[in-house]
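Reading through the structure tokens given below for one structure.
Residue numbers (our numbering): 228 to 914.
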């Protein structure tokens, strides 16, 4: 229950304090974490584990942001803190006056760097999202070059009688030598390790040994020439991993994975325990002014550096860093054992204030690990910062990722802009065409990327099933490809393959059929936007809309029709009116050849309700109109009601032709003819 509130690193430091107090209580001298032991034996496993399993895609996509935080941010912290501490020493009294500017700058360079061990210990427990984790952790890895350069630079300058401009320029250039030299050493050893793993198919037992051996040699070679050993280890792990995993067996891969995790965990535990023991065993010189000023200015420098650099970075980033992200980045700048070990390396002859420096460093480490490490989890929950989502990659996601990469590369080529997608595509083509053939043995060097990813995914699933004891429950989706991958068959020697054979093409089709079909079988969760709509609801809505449009159209046409609205009477009133004047409603004998207008009683003014059944105008049949026809007029009939379910407004009728519409316009505007009187029927009576 305690570990859910307090980070593991804090508990280990408390254990170290108890052990150191116990050893000192019985009269023995507690052991102190020596810098040689830390840098040669405890630090490399942690850095190798971080570099070998580094999430390469988010790291490369955010490399510019990480480098700005690691280089510019660390330089800002070192010089800002060193300059302010020099001012504090000049104003702090007789106990601090003897500390010069170079000593304060050296102290600032030691305490300014974010520690990767402390960041790993805290950030892996709070499960922060991948972007923030890679930004803070990447900064802690890459700021090692700046820390090493500044540390050795100020240490050498302290021995000089006078520092010239040339020394400062050479010190600035040494940063590029240390960082790029460390990367170059790591790349060389990574390529050698990958090339060696190509010839270990007959001696699988020693395959993991080569990974550890070449990585450690890269670290020692870099430290031998005062280069960045941390960057050498990261470069070696990143370069060797894709080629080594393609060559070694699955048992060797499992061995490397779990041995690295166990080794880094043991080193991390020992580092924090030794920090507690060394706190009890070491010589301390407490100065309130110096210690409190160091702690306060460390926090101020970190916050100001993150705010200013993020304001500049957001001008170029597509995905902006929000204020919540900036707070977590500033709050996650933890210090750890690297600062303590660098402070312990200082020489008493040139730095007589070493004990005071170590006391201030331990105070800052304890504050960042205990206070910031314990409160960052509730702050993440309080600010609702996005957490890491544990999702397994699928074939569908891999296909879409590759498709988007190709699409963005093509867009950059069309625009003539050589962005990182363009160079990434060039590097992938060079890797596929030349490097893979040299470093990967057998047929797998020519294997398409989709099949290689499918092999890895199926093998991971099979291993998980075996470990969980569910080997009898292997689903049918595990194809023969994965079974062949578990028990590889011996292939004929010197087999020449085309670019993409029929078998490979059929294998890709089978992979797609097997995996992409699962997306259609996936059950959907409840969502109000995906509910099945009522089919009758849509029909009713359409009918209501049509009736509303019909009423609006009826109101508009009231201004244009000269025929007065016919009031619909009840059946009793209709019978009474026909009985009183039967001749007015009696059809004529010669009314068969006359144009007949059908009027809908519901809306007599609507043009859709008027249909011309016989469209033979007078005088158009070739015979002159007789006087009787002029006096007979038109015969009006009531339109039959439409059948239920049909739309009586928008259903086209027989009178929708252009000639009928012209006739309608003629009838709606009769000209100067006088209107009938109120009591006069519309159809004139026979003479």
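We put the beta carbon where it would ideally sit given N, CA and C, even for glycine.
Rounded to the nearest angstrom, how far is the Cβ of residue i from that of residue j, given a contact under 8 Å?
{"i": "residue 247", "j": "residue 504", "result": "4 Å"}
{"i": "residue 304", "j": "residue 528", "result": "5 Å"}
{"i": "residue 179", "j": "residue 361", "result": "Missing from the structure shown is residue 179; the chain here goes from 228 to 914 and no further."}
{"i": "residue 458", "j": "residue 369", "result": "7 Å"}
{"i": "residue 308", "j": "residue 525", "result": "6 Å"}
{"i": "residue 293", "j": "residue 243", "result": "Incorrect: roughly 31 Å between the Cβ atoms, too far for contact."}
{"i": "residue 234", "j": "residue 341", "result": "Not confirmed; about 16 Å, so no contact."}
{"i": "residue 590", "j": "residue 546", "result": "Rounded, the Cβ-Cβ distance is 37 Å, inconsistent with contact."}
{"i": "residue 386", "j": "residue 425", "result": "At roughly 48 Å, the Cβ-Cβ gap does not stay under 8 Å, so residue 386 and residue 425 are not in contact."}
{"i": "residue 414", "j": "residue 462", "result": "5 Å"}
{"i": "residue 491", "j": "residue 266", "result": "Their Cβ separation, rounded to whole angstroms, is 15 Å, which puts residue 491 and residue 266 out of contact at 8 Å."}
{"i": "residue 440", "j": "residue 412", "result": "The pair is not a contact, with the Cβ atoms about 15 Å apart (cut-off 8 Å)."}
Identify whether residue i lies in helix, strand or coil by the three-state DSSP scheme.
{"i": "residue 588", "result": "helix"}
{"i": "residue 750", "result": "Reliability of the predicted coordinates at residue 750 is poor, the pLDDT of 44 falling under 50, and the value obtained from them is presented with this limitation in mind. DSSP places residue 750 in coil when its eight states are reduced to three."}
{"i": "residue 834", "result": "Residue confidence is low: residue 834 scores 45 on pLDDT, short of 50, so the model does not pin down where it sits. Its coordinate-derived value is still stated next. Note: residue 834 maps to helix in three-state DSSP."}
{"i": "residue 274", "result": "helix"}
{"i": "residue 730", "result": "helix"}
{"i": "residue 580", "result": "coil"}
{"i": "residue 717", "result": "In this prediction, residue 717 has a pLDDT of 48, which is less than 50 and means its spatial position is unreliable; what the coordinates show is noted afterwards. The answer is coil: DSSP assigns residue 717 none of H, G, I, E or B."}
{"i": "residue 782", "result": "helix"}
{"i": "residue 325", "result": "coil"}
{"i": "residue 562", "result": "coil"}
{"i": "residue 482", "result": "helix"}
{"i": "residue 349", "result": "helix"}
{"i": "residue 280", "result": "coil"}
{"i": "residue 873", "result": "Confidence is the limiting factor: at residue 873 the pLDDT is only 48, short of 50, which leaves the residue's position unreliable and the question unanswerable from this model."}
{"i": "residue 627", "result": "helix"}
{"i": "residue 915", "result": "Since the first residue of the chain shown is 228 and the last is 914, residue 915 is not available in this structure."}
{"i": "residue 604", "result": "helix"}
{"i": "residue 336", "result": "helix"}
{"i": "residue 233", "result": "coil"}
{"i": "residue 389", "result": "coil"}
{"i": "residue 652", "result": "helix"}
{"i": "residue 239", "result": "helix"}
{"i": "residue 248", "result": "helix"}
{"i": "residue 643", "result": "coil"}
{"i": "residue 632", "result": "helix"}
{"i": "residue 178", "result": "A query on residue 178 cannot be resolved here, the shown segment of the chain reaching from 228 to 914 and no further."}
{"i": "residue 253", "result": "coil"}
{"i": "residue 701", "result": "Its pLDDT being 45, under 50, residue 701 is placed unreliably in this model, and the value from its coordinates should be taken loosely. Residue state, collapsed to three classes: coil."}
{"i": "residue 286", "result": "helix"}
{"i": "residue 856", "result": "Unreliable positioning characterises residue 856 in this predicted model, as indicated by a pLDDT of 44, which lies under 50. A coordinate reading is not provided."}
{"i": "residue 681", "result": "helix"}
Would you mind working out which of the options sits nearest residue i, comparing C-alpha positions?
{"i": "residue 237", "options": "767, 510 and 499", "result": "499"}
{"i": "residue 325", "options": "578, 279 and 565", "result": "578"}
{"i": "residue 599", "options": "293, 346 and 323", "result": "346"}
{"i": "residue 552", "options": "590, 667, 613 and 518", "result": "613"}
{"i": "residue 637", "options": "626, 653 and 625", "result": "653"}
{"i": "residue 381", "options": "593, 668, 240 and 570", "result": "570"}
{"i": "residue 276", "options": "640, 482, 564 and 295", "result": "482"}
{"i": "residue 669", "options": "263, 422 and 531", "result": "422"}
{"i": "residue 315", "options": "530, 533, 523 and 776", "result": "523"}
{"i": "residue 467", "options": "420, 574 and 300", "result": "420"}
{"i": "residue 624", "options": "680, 662 and 375", "result": "680"}
{"i": "residue 436", "options": "411, 480 and 404", "result": "480"}
{"i": "residue 255", "options": "508, 331, 497 and 300", "result": "508"}
{"i": "residue 630", "options": "658, 443 and 648", "result": "648"}
{"i": "residue 563", "options": "367, 684, 383 and 410", "result": "367"}
{"i": "residue 575", "options": "510, 627 and 628", "result": "510"}
{"i": "residue 634", "options": "622, 651 and 620", "result": "651"}
Considering only DSSP beta bridges, list what residue i is partnered with.
{"i": "residue 614", "result": "355"}
Which two residues bound the contiguous alpha helix (DSSP H) that contains residue i?
{"i": "residue 468", "result": "456–474"}
{"i": "residue 435", "result": "434–451"}
{"i": "residue 396", "result": "392–424"}
{"i": "residue 529", "result": "515–540"}
{"i": "residue 301", "result": "301–318"}
{"i": "residue 293", "result": "290–294"}
{"i": "residue 266", "result": "Neither: residue 266 is in no alpha helix (DSSP H) and is coded neither H nor E."}
{"i": "residue 371", "result": "371–384"}
{"i": "residue 260", "result": "Premise fails: residue 260 is in no alpha helix (DSSP H) and is neither H nor E."}
{"i": "residue 664", "result": "663–666"}
Using a Cβ cut-off of 7 Å (strictly closer), state whether residue i contacts chain D.
{"i": "residue 302", "result": "No chain D appears in the structure shown, which is made up of a single protein chain."}
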